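Novice: With my numbering applied, the sequence shown covers 176 to 471.
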Amino acid sequence: MGCDGGTIPRRDELVRVKKKPEAKDKDSELAFQWRHCFLTQLLLQEPIVMCGMGHLYSKLPLIEALLNRDSLPDSVRHIKSLKDVRNLNLTPNPEFVSGDDKKDGSVDTRGAPYICPVIGLEMSGKFRFVALWTCGCVFSERALKEISTSTCHKCLMPFTEDDVVVLNGTEEDMVLMRSRIELRKQKNKKDKEKKKEIKKEIEATKCEETEPAKNSVTNAGKSSANENVEKPKVVAATLKRPRNLINDESTKKMKACYSVAKDPNASDVYKSLFTSHKSENEQQRAHWITYNPFYN
């Protein structure tokens, strides 16, 4: 039956206890999160985007899922359109070797395809990384704390504390990210209202500027019309002949009985210009008006 020969059984050998569940390997879980899409659980493919909660997605499968929202899981319901995600500006790791380029027998999966552009830490899950909602640049949280500035370390775009998104954060980080999403929504609403007010002010100023211009145009049209009406009166007044013009000697010369040849005040040179001069009788060719070189 056993228990002979001086053996001493232990308690765990005699009493059956409920086994503890297998603990997950945190390192492998983090590595999986940083290398795989949160929606499809497949390897991340560029372009890579993030949501306000800090999850990573492959953009093309996410667009296909948004087209058919009935198939979206509850964990991704907070994404309603592409406005709720941001394209990530990632810095590739020059020392990273993909699975196709690895040598035969190599099983090293600790390398990360992306690194921090400031410090050079690998984005493998061992270190906390953040991204900016304004520009989408990604760098380590250590770089953000050590180099405390209000501009992006990569593209120099200004940002605020509410624009910082923790990538693949803890449950506490998720609560903080939800509050920051609400703050950004409120800020966007206020910005839209301000833009509408500015447009209304600009339109009001344009209307005020156009009204006096219209009045000036109408006044100018009226004045020009009045001038057009008054002009014929002036012209008609100028066409009136004075009464003393008939008694003038110069007007008498315009009568039918007047002849230049008989005018005693006209010179001989002036008289020779006309056909009534005596020199015209001696001409052997036609007058210069009726002269034709083919016949004369």
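Quick reminder that beta carbons are idealized off the backbone N, C-alpha and C, glycines included. The model shown is predicted, which means the values in this text are computed figures rather than measured ones.
Is the beta carbon of LEU307 closer than 8 Å to that of CYS327?
Specialist: Cβ distance < 8 Å, so CYS327 and LEU307 count as in contact.
Novice: DSSP three-state call for ARG261: helix, strand or coil?
Specialist: ARG261: strand per DSSP, three-state reduction.
Novice: DSSP three-state label for MET228, please.
Specialist: In this structure, MET228 counts as coil in the three-state DSSP scheme.
Novice: Quick check: the Cα distance between THR385 and GLU378, rounded to an integer number of angstroms?
Specialist: So the two alpha carbons sit approximately 11 Å from each other.
Novice: Grouping DSSP H, G and I as helix and E and B as strand, with all else coil, what is THR215?
Specialist: Of the three classes helix, strand and coil, the one that applies to THR215 here is coil, per DSSP.
Novice: Take the Cβ of LEU231 as the centre, count every other Cβ of all protein chains shown within 10 Å, and call the residue buried at 16 or more, exposed below.
Specialist: LEU231 should be labelled buried.
Novice: Just how far apart, CA to CA, sit GLN458 and ASP443?
Specialist: If you take the alpha carbons of GLN458 and ASP443, they lie about 17 Å apart.
Novice: Tell me, please, which residues DSSP counts as bridged to PHE271.
Specialist: None; PHE271 has no bridge partner.
Novice: If you measure between the beta carbons of VAL341 and ASP348, is that distance less than 8 Å?
Specialist: Cβ distance < 8 Å, so VAL341 and ASP348 count as in contact.
Novice: Determine the direct distance from the alpha carbon of GLU270 to that of PHE304, and round the result to whole angstroms.
Specialist: Cα to Cα, PHE304 sits roughly 19 Å from GLU270.
Novice: Secondary structure at PHE314, three-state DSSP: helix, strand or coil?
Specialist: In this structure, PHE314 counts as strand in the three-state DSSP scheme.
Novice: Check the DSSP bridge columns for ALA306 and list the partner residues they point to.
Specialist: Partner(s): VAL313, VAL340.
Novice: Measuring CA to CA, which of THR266, LYS234, THR309, GLY227 is closest to LEU219?
Specialist: With distances taken between Cα atoms, LEU219 lies closest to LYS234.
Novice: Please classify PRO439: does DSSP put it in a helix, a strand, or coil?
Specialist: Correct three-state label for PRO439: coil.
Novice: May I ask whether a heavy atom of the ligand FMN can be found less than 7 Å away from the beta carbon of CYS330?
Specialist: Only the bare structure without any ligand can be found here, which leaves the ligand FMN out of the picture.
Novice: Expressed to the nearest angstrom, what Euclidean distance is found between the alpha-carbon atoms of GLU376 and VAL272?
Specialist: For GLU376 and VAL272, the distance between alpha carbons rounds to 58 Å.
Novice: Out of LYS446, GLU188, GLY344, which one is the CA nearest neighbour of LYS301?
Specialist: Of the candidates LYS446, GLU188, GLY344, the one whose C-alpha sits nearest the C-alpha of LYS301 is GLY344.
Novice: Does GLY295 pass the burial test, meaning 16 or more other C-beta atoms within 10 Å, or should it be called exposed?
Specialist: Exposed: under 16 other Cβ atoms inside 10 Å.
Novice: When the Cα atoms are used, what is the spatial distance from ARG359 to LYS367?
Specialist: Approximately 12 Å, taken between the alpha carbons.
Novice: Nearest CA to the CA of MET225: which residue from ASP438, LEU242, ARG261?
Specialist: For MET225, the nearest C-alpha among the options comes from ARG261.
Novice: For ALA152, collect the residues of the same chain with a Cβ closer than 6 Å to its Cβ; drop the 5 residues on either side in sequence, then sort them by chain order.
Specialist: This structure does not reach residue 152, given that the chain is present from 176 up to 471, and the question cannot be answered.
Novice: Taking the straight line between their C-alpha atoms, what separation do you get for ALA318 and MET332?
Specialist: Their backbone Cα atoms lie some 16 Å apart in a straight line.
Novice: Would you call the CB atoms of ALA287 and ASN268 closer than 8 Å?
Specialist: It is a contact, given that the beta carbons lie within the stated cut-off.
Novice: Is LEU214 near LEU237, with beta carbons less than 8 Å apart?
Specialist: Yes, they are a contact pair.
Novice: Nearest-angstrom Cα distance between HIS452 and TYR433?
Specialist: Answer to the nearest angstrom: the Cα atoms are 14 Å apart.
Novice: At which residues does the alpha helix (DSSP H) containing GLN208 begin and terminate?
Specialist: Here the alpha helix (DSSP H) through GLN208 covers 201-210.
Novice: Cα separation between LYS408 and LYS371?
Specialist: Confidence at LYS408 is low in this model, with a pLDDT of 49, below 50, so its placement is unreliable and no value can be given for it.
Novice: Under 6 Å Cβ to Cβ from LEU205, same chain only, skipping five residues before and after it: list those, please.
Specialist: Closer than 6 Å at Cβ, skipping near neighbours: GLY300.
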